[in-house]
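Asks:
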Amino acid sequence: MALADPARRELKAVRWGLLAAALVASPVVAGVVYSAAAATGLAGFGPHGFSTDRLTRVLGEPAVWESLVWTIRTASLATLLASALAVLVAMTFRRSGRVDKLARTLAVLPLPVPHLVAATTAVLLLAQSGLLSRLGFAAGWLAGPADMPPLVYDRAGLGMVLTLAWKELPFLALVATTLLATRGAALEETARGLGAGPWDTFRLVTWPFLWRGLLPPVVAVLAFAAGSYEAAAMLAPSDPLALPLLTLERYTDPDLARRGDAFVLVLVGLMLTGAAVGLHEWVRYRTTELRG
Amino acid sequence: MSGVLSAGRIAGLLGLGLSALLPMVLLAIWSVGDRWFYPALWPSRLTAESWRTLLSGEGRLWAAGATSMLLAAGTGAIACIVALPVGRALARLDGWRGHLGAAMTFLPVAAPPVALATGLQFSFLSLGLGGRPIGVLLAHAVPAVAYVSLYFTGVFTGFDTRVEEEARSLGASAGQTFRFITLPLLRRPLAEGFALGFLISWAQMPLTLLIGGGAVRTLPIEVFAFVEAGQDRIAATGALVLLVPALVALAAARLAARGTEVAAL
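Residue numbers (this note's numbering), protein chains in the order written: chain A, 23 to 314; chain B, 2 to 266.
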């Protein structure tokens, strides 16, 4: 009895823990199940009966693939830019002086700014008649709004990349500075004590340490950026359409037969999320459980 | 402190200052700018009209702000009530099971809101929750519960349960232990969990749009509509109002962190 008791408690803890996680995940699971049924004709709009026609047709559309590539490319560029800036900020302002503290505070300040507010500001700033364009005109570089390189609704998605990167930077900078302040400092001191120069310390100790610590939040932020609706709705071009916009466009199509297409796109979106979440947790598992 | 202000550091500081403060300054100017046509760098007239309308309690922004406030407070409360036991249960998982639990809990946080909303809309409609505030509230609770659960998992990972066991062994009932021991210990995490849930609902747009079906007008929905309509002044006013709870929460978190010594910043 005395031996069985801790084991039983352990089993109970595992059961309750996984049940709790399943409860939290259940809306997503329900969404996946319903979307899979609707994408294969078992539920949703139109006539019923299992068929993979819709799946093959939607996944065979070039517009869908362009949308997917554009969305992933834009989110990746923004995340890359934000990660590089986060590392730069963390390395430049890592000391305990007042200037460093002020810089770190400023870097984290936009953290809770809603995506919608960031996108609204970006429109007012970057549009062809926005403030940047007016400054260009005042400086004599631009002859009018048409001269301003398009940063809003542009195919390259520059305005969107900048806005998403701005929105991601505070979180990544916070993680990077915390990493450096906690374990990073001790590791570097050890390396220097063993005779490593500043460059070798950065290359062999600081950078690998930072990059491993930053990878999980970077994957998370990438998933957020790819799924963001507000920034895409306000800044992204109409061709190619970002995946969240394409999903919504199909879902609200006046042609009821096309509405079901949205569920194929929902499945694609949720499956990509699942992959990102799996990767995120796997990296965390590798770095925390299997360390050393 | 040699080299504290090298050129690179000054440029970095200026860049960060500009990036953090310029958006707010711009929105403030835009919210009072009247007849501000290209290529003017400054509005030809200043007016507090949009702020007066807002503060007089009339107009769409005020109504939307009130709706958003109620939804966000409700979401924060639901998130805390559900996430507290969930986070506690999750924190007891270890090894790969802990990571599996965390991955499952992370799903609603990472799922694209449009995909989540489209996937959920049918069940919400068939339950009669579509186009109603209660439906939007429950939809907002989906990512909020997940977020706050992850937060509470962290809280309970470092939680010493011996003090509860002590109380139980001294004869306290489970309810008394929760009421007099656990709850007071968790006062600050609960406040932070509530703030987190509040902010998730406050900034939420796609779930409101799809589950609310245009009938539930929250502040983000109205701000978006004003931007689309080219009504920059009202849009900027609404955007600034959207910033207020976020900044209050950040300031509160920093004040609280100053009290303890683990301030990471």
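For every residue, glycine included, the Cβ atom is placed at its ideal position computed from N, Cα and C.
Quick one: which chain B residues come within Cβ less than 9 Å of A/S57?
Replies: The residue labelled residue 57 of chain A in the question sits at position 35 within the first sequence. Neighbours of A/S57 on chain B, chain order: A116, T119, G120.
Asks: Just to confirm, is the Cβ distance from B/T268 to B/S7 under 9 Å?
Replies: Coverage of chain B is limited to positions 2 through 266, which leaves residue 268 of chain B absent and any answer about it impossible.
Asks: Which of the three DSSP states is assigned to A/D222 in this structure?
Replies: Counting from one through the first sequence, the residue named residue 222 of chain A turns up at place 200. Here A/D222 sits in helix by DSSP.
Asks: Out of B/L197, B/A236, B/W37, which one is the CA nearest neighbour of B/A254?
Replies: If you number the second sequence from 1, residue 254 of chain B lands on position 253. Measuring from the Cα of B/A254, the nearest candidate turns out to be B/L197.
Asks: When you compare the CB of A/A3 with every CB in chain B, is at least one pair closer than 9 Å?
Replies: Given a span of 23 to 314 for chain A in the structure shown, any question on residue 3 of chain A remains unanswerable.
Asks: Would you decide whether B/A112 is buried or exposed? Buried here means 16 or more other CB atoms lie within 10 Å of its CB.
Replies: Translated into the one-based positions of the second sequence, residue 112 of chain B becomes position 111. Buried.
Asks: When the distance is taken between beta carbons, is B/S202 closer than 9 Å to B/G77?
Replies: To locate residue 77 of chain B, count along the second sequence from 1; it is residue 76. To locate residue 202 of chain B, count along the second sequence from 1; it is residue 201. Result yes, Cβ atoms of B/G77 and B/S202 sit closer than 9 Å.
Asks: Starting from the beta carbon of B/G9, find every residue of chain A whose beta carbon is closer than 9 Å, and list them in chain order.
Replies: Translated into positions along the second sequence, residue 9 of chain B becomes position 8. Chain A residues near B/G9: T114.
Asks: Can you list, in chain order, the residues of the segment 27-46 of chain B whose Cβ is nearer than 8 Å to any Cβ on chain A?
Replies: Against chain A - using a Cβ distance shorter than 8 Å - the residues of the segment 27-46 of chain B are L27, L28, W31, Y39, P40, A41, L42.
Asks: Residues of the segment 141-156 of chain B with a CB closer than 8 Å to any CB of chain A: list them in chain order, please.
Replies: From the segment 141-156 of chain B, only V143, V146, A147, S150 have a Cβ closer than 8 Å to chain A.
Asks: So, does the segment 234-247 of chain A touch the segment 293-309 of chain A, judging by three or more C-beta pairs under 8 Å?
Replies: Touching, yes.
Asks: Cα-Cα, which of A/I94, A/L103, A/A125 is closest to A/M113?
Replies: By one-based count along the first sequence, residue 113 of chain A stands at place 91. Closest option to A/M113, Cα to Cα, is A/A125.
Asks: Could you check if B/A264 is buried or exposed, using at least 16 other CB atoms within 10 Å of its CB as the buried criterion?
Replies: Within the second sequence, residue 264 of chain B is the residue found at index 263, counting from 1. Reliability fails at B/A264, whose pLDDT of 40 lies under 50, so the model's placement of it is uncertain and the value that follows must be treated cautiously. With fewer than 16 other Cβ atoms within 10 Å, it is exposed.
Asks: Quick one: is A/G82 near chain B, going by C-beta distance under 9 Å?
Replies: As a working mapping, residue 82 of chain A is identified with position 60 in the first sequence. No, no contact with chain B.
Asks: Assuming B/L14 and A/V121 make a contact with CB atoms under 8 Å, what is their CB distance in whole Å?
Replies: Here residue 14 of chain B corresponds to residue number 13 of the second sequence, with the count starting at 1. Here residue 121 of chain A corresponds to residue number 99 of the first sequence, with the count starting at 1. The Cβ separation is near 7 Å, so the contact holds.
Asks: As an exercise, report each continuous beta strand (DSSP E) stretch of at least 3 residues that is fully enclosed by the segment 165-243 of chain A, in chain order.
Replies: Segments of the beta strand (DSSP E) lying fully in the segment 165-243 of chain A: there are none.
Asks: Measuring CB atoms only, is the segment 129-139 of chain B touching the segment 216-223 of chain B, in the sense that at least three cross pairs come out at less than 8 Å?
Replies: The segment 129-139 of chain B is in contact with the segment 216-223 of chain B.
Asks: Identify, in the order they occur along the chain, each residue of the same chain with its Cβ nearer than 7 Å to the Cβ of B/V83, setting aside the five sequence neighbours on each side.
Replies: On the second sequence, residue 83 of chain B is found 82 positions in, with the first residue counted as 1. Excluding sequence neighbours, B/V83 sits near V146.
Asks: Would you check if the distance between the CB atom of A/V288 and the CB atom of A/L77 is smaller than 9 Å?
Replies: Within the first sequence, the letter at position 266 stands for residue 288 of chain A. Within the first sequence, the letter at position 55 stands for residue 77 of chain A. Not a contact, by the Cβ cut-off of 9 Å.
Asks: Does the distance from the C-beta atom of B/A250 to that of B/V224 stay below 9 Å?
Replies: Indexing the second sequence from 1 puts residue 250 of chain B at position 249. Indexing the second sequence from 1 puts residue 224 of chain B at position 223. No. Outside cutoff.
Asks: Going by C-alpha distance, which of B/A204, B/E229, B/L211 is nearest B/P221?
Replies: Here residue 221 of chain B refers to the residue found at position 220 when the second sequence is read from its first residue. Of the listed residues, the one whose Cα sits closest to B/P221 is B/A204.
Asks: Which first and last residues belong to the alpha helix (DSSP H) in which B/Q177 is found?
Replies: On the second sequence, residue 177 of chain B is found 176 positions in, with the first residue counted as 1. Element bounds for B/Q177: 175-178.
Asks: Considering only their Cβ atoms, is the gap separating B/F157 from B/A104 smaller than 9 Å?
Replies: Indexing the second sequence from 1 puts residue 104 of chain B at position 103. Indexing the second sequence from 1 puts residue 157 of chain B at position 156. Going by C-beta atoms, B/A104 is not nearer than 9 Å to B/F157.
Asks: Assign A/P171 to one of two classes, buried (16 or more other C-beta atoms within 10 Å of its C-beta) or exposed (fewer than that).
Replies: Taking the first sequence and counting its residues from 1, one reaches residue 171 of chain A at position 149. Answer is exposed; the Cβ neighbour count stays below 16.
Asks: Quick one: give me the first and last residue of the alpha helix (DSSP H) that B/A74 is part of.
Replies: Locating residue 74 of chain B in the second sequence gives position 73, where the first residue counts as 1. Element bounds for B/A74: 60-92.
Asks: Do the CB positions of A/D75 and A/G63 come within less than 9 Å of each other?
Replies: In the first sequence, residue 75 of chain A corresponds to position 53, counting from 1. In the first sequence, residue 63 of chain A corresponds to position 41, counting from 1. Taking 9 Å as the Cβ cut-off, A/D75 and A/G63 qualify as a contacting pair.
Asks: How long is the line joining the alpha carbons of B/L184 and B/Y152, rounded to whole angstroms?
Replies: Translated into positions along the second sequence, residue 184 of chain B becomes position 183. Translated into positions along the second sequence, residue 152 of chain B becomes position 151. B/L184 and B/Y152: Cα-Cα distance of roughly 16 Å.
Asks: What does DSSP give as the partner residue(s) for B/L47 in the beta ladder?
Replies: Numbered from its first residue, the second sequence carries residue 47 of chain B at position 46. According to DSSP, B/L47 bridges with B/G34.
Asks: Within a Cβ cutoff of 7 Å, which residues of the same chain sit near A/H137, ignoring the five residues on either side of it in sequence?
Replies: Within the first sequence, residue 137 of chain A is the residue found at index 115, counting from 1. Cβ neighbours of A/H137 beyond the five flanking positions: K189, S250, E252, A253.
Asks: Does the segment 166-183 of chain A touch the segment 199-214 of chain A, meaning 3 or more C-beta pairs lie closer than 8 Å?
Replies: No, the segment 199-214 of chain A is not in contact with the segment 166-183 of chain A.
Asks: Please report the distance separating the alpha-carbon of B/A24 from that of A/V130.
Replies: Taking the first residue of the second sequence as 1, we reach residue 24 of chain B at position 23. Taking the first residue of the first sequence as 1, we reach residue 130 of chain A at position 108. According to the sequence shown, residue 24 of chain B is Pro rather than Ala. Approximately 14 Å between the Cα atoms of the pair.
Asks: Assuming A/L40 and B/R89 make a contact with CB atoms under 8 Å, what is their CB distance in whole Å?
Replies: Here residue 40 of chain A refers to the residue found at position 18 of the first sequence. Here residue 89 of chain B refers to the residue found at position 88 of the second sequence. Not confirmed; about 14 Å, so no contact.
Asks: Keeping to the same chain, check which residues put their C-beta closer than 6 Å to that of A/A24; ignore five residues upstream and five downstream.
Replies: Against the first sequence, residue 24 of chain A aligns to sequence position 2. Confidence at A/A24 is low in this model, with a pLDDT of 49, below 50, so the placement of that residue should be treated as unreliable; the coordinate-derived value is given next. No residues qualify anywhere along the chain.
Asks: Please say whether B/D35 and B/R53 have beta carbons closer to each other than 9 Å?
Replies: If you number the second sequence from 1, residue 53 of chain B lands on position 52. If you number the second sequence from 1, residue 35 of chain B lands on position 34. It is not a contact, given that the beta carbons lie outside the stated cut-off.
Asks: Figure out for me which residue from B/A142, B/F199, B/R180 has the closest Cα to the Cα of B/I212.
Replies: Against the second sequence, residue 212 of chain B aligns to sequence position 211. Among B/A142, B/F199, B/R180, the Cα nearest to that of B/I212 is on B/A142.
Asks: For B/R53, which of helix, strand or coil comes out of DSSP?
Replies: Position 52 of the second sequence, counted from the first residue, corresponds to residue 53 of chain B. Reduced to three states, the DSSP call for B/R53 is helix.
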